[in-house]
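Okay, structure first, notes after.
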Amino acid sequence: MSERNKREKKAVLFDLDDTLLWDERSVKEAFERTCAEAAGVDPAELEQSVRREARGLYEGYETYPFTQMIGINPFEALWGNFREGRAVEFKLLESLAPRYRKDAWTRGLKALGVDDPQLGERLGERFPAHRRKLAYVYDDTFQVLDTLKGKVKLLLLTNGSPDLQKEKLAGVPGLADYFDHIVISGDYGRGKPDPGIFRHALSLLDLHADDAIMIGDKLTTDILGASRVGMDNIWINRSGAAIDDTVRPKYTVSRLSEVLEYIL
């Protein structure tokens, strides 16, 4: 057994995407289903082409620095509506979204020799429809939450657009009910790893950093941000990725269920 916490934890902060929700799978399957509707085009090639075009478009918009700060990635923007959030950038994103979806798919097709804006627009609307039907949790998500509920305070700390993150939660009935507080970066105004959002979360819990532990799958947001405020953390490394020497997690696990060893 690895080194145990020196101080009993009173709260656990969870990331959402690819920590509790299997977002990567949802996006992958939405691409596969959408690309299969483009007759005469190799679905795998179209997926890669659209992903490339989407990234390029996304990084060219004036909203890009804001989306980086809040933590909204190009593929979330392919199905998000951005109808909530006080920042003016959300209004810009809301107006950009339909064109972005159409252009990403149209350019992705064109790069493969298919110049068909109507098809691009149709696929651009099919992707959100598919994505909204594909909500997955990991097989140990509810086991872990059931074990912790009532023993420690639980807080969800997620980067993203307020309406999109709420929609993801609503797609898994009962998931939101486990948490004493839900903090979304788009509501707060800055995203992980900014220390401010971690301090805000702790203030909601009325706890100090050494009373809590952060669990997440991203070194550069979840783990780095927790480290910056002196909070213990657990990195979920399901893929066996190498640890970045610039960000050192306190603990590392390969499955969500393994975090219980360091909490209880």
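With this note's numbering as the guide, the letters of the sequence shown map in order to residues 156 to 419.
Backbone N, C-alpha and C define an ideal beta-carbon position, used for all residues, glycine too.
Original post:
Is Asn314 near Gly235, with beta carbons less than 8 Å apart?
Top reply: Taking the sequence shown and counting its residues from 1, one reaches residue 314 at position 159. Taking the sequence shown and counting its residues from 1, one reaches residue 235 at position 80. In this structure, Gly235 does not lie closer than 8 Å to Asn314 by Cβ.
Subject >> With 16 other Cβ atoms within 10 Å as the buried cut-off, status of Leu330 >> reply: Here residue 330 refers to the residue found at position 175 of the sequence shown. Leu330 comes out buried.
**OP:** State the beta-bridge partners of Val408 as determined by DSSP.
**Re:** As a first step, residue 408 must be located in the sequence shown, where it is residue number 253. Note: Val408 sits in a beta bridge opposite Ile391.
Subject >> Euclidean distance between Cα positions of Ala209 and Arg262 >> reply: For this step, residue 209 is matched to residue 54 along the sequence shown. For this step, residue 262 is matched to residue 107 along the sequence shown. Cα to Cα, the separation comes out at about 9 Å.
**OP:** Sort Glu202, Leu233, Asp178, Val196 by Cα distance to Phe186 and report the nearest one.
**Re:** Residue 186 sits at position 31 when you count from the first residue of the sequence shown. Comparing alpha carbon positions, the residue from Glu202, Leu233, Asp178, Val196 closest to Phe186 is Glu202.
Original post:
How many Å lie between Thr407 and Gly395 at the Cα?
Top reply: Stepping through the sequence shown from its first residue, residue 407 is reached at position 252. Stepping through the sequence shown from its first residue, residue 395 is reached at position 240. Rounded to whole angstroms, Thr407 and Gly395 show a C-alpha spacing of 10 Å.
**OP:** For Ala191, name the three-state secondary structure that DSSP assigns.
**Re:** Start at 1 with the first residue of the sequence shown, and residue 191 comes out as number 36. In this structure, Ala191 counts as coil in the three-state DSSP scheme.
Subject >> Beta-carbon contacts of Leu300 that lie in its chain and below 6 Å, excluding the five residues immediately before and after >> reply: Taking the sequence shown and counting its residues from 1, the one referred to as residue 300 is at position 145. Annotation for Leu300: Tyr333 place their beta carbon closer than 6 Å to its own, counting only its chain and skipping 5 residues before and after.
Subject >> Enclosing alpha helix (DSSP H) for Leu311 [first to last residue] >> reply: Numbered from 1 along the sequence shown, position 156 holds the residue referred to as residue 311. Looking at the DSSP string, Leu311 is not in any alpha helix (DSSP H); the run it does join, the beta strand (DSSP E), is 308–313.
Subject >> Beta-ladder partner(s) of Gly344, from DSSP >> reply: Taking the sequence shown and counting its residues from 1, one reaches residue 344 at position 189. Bridge partners of Gly344: none, in fact.
Original post:
Nearest CA to the CA of Leu374: which residue from Ser409, Val402, Glu322, Tyr291?
Top reply: By one-based count along the sequence shown, residue 374 stands at place 219. When only C-alpha atoms are compared, the closest one is Val402.
Subject >> Alpha carbon of Ile418 to alpha carbon of Val167, nearest angstrom >> reply: To locate residue 418, count along the sequence shown from 1; it is residue 263. To locate residue 167, count along the sequence shown from 1; it is residue 12. Here the alpha carbons of Val167 and Ile418 stand approximately 8 Å from one another.
**OP:** Please report how far the alpha carbon of Glu380 lies from the alpha carbon of Leu359, in whole angstroms.
**Re:** If you number the sequence shown from 1, residue 380 lands on position 225. If you number the sequence shown from 1, residue 359 lands on position 204. Looking at the sequence provided, one finds Gly at residue 380 rather than Glu. So the two alpha carbons sit approximately 17 Å from each other.
Subject >> Three-state class that DSSP yields for Asp361 in the structure shown >> reply: In the sequence shown, the residue the question calls residue 361 occupies position 206. Looking at Asp361 - three-state DSSP - the assignment turns out to be coil, as it is neither helix nor strand.
Subject >> CA nearest to the CA of Phe230, picked from Phe282, Leu267, Asp270, Asp271 >> reply: Here residue 230 refers to the residue found at position 75 of the sequence shown. Distance from the Cα of Phe230 is smallest, within the candidate group Phe282, Leu267, Asp270, Asp271, for Phe282.
Subject >> Segment contact, 8 Å Cβ cut-off, at least three pairs: the stretch 173–191 with the stretch 281–296 >> reply: Three or more beta-carbon pairs separated by less than 8 Å link the stretch 173–191 to the stretch 281–296, which places the two stretches in contact.
Original post:
Does the beta-carbon distance from Ser316 to Gly371 come in below 8 Å?
Top reply: Taking the sequence shown and counting its residues from 1, one reaches residue 316 at position 161. Taking the sequence shown and counting its residues from 1, one reaches residue 371 at position 216. No, they are not a contact pair.
Subject >> Secondary structure of Phe282, DSSP reduced to three states >> reply: For the purposes of this step, residue 282 is taken as residue 127 along the sequence shown, with counting starting at 1. Phe282 falls in the helix class under three-state DSSP.
Subject >> Spatial distance of Met156 from Ile391 (CA atoms) >> reply: Looking up residue 156 in the sequence shown gives position 1. Looking up residue 391 in the sequence shown gives position 236. Summary for Met156: the model assigns pLDDT 38, below 50, so the residue's position carries little reliability, and this model does not support an answer.
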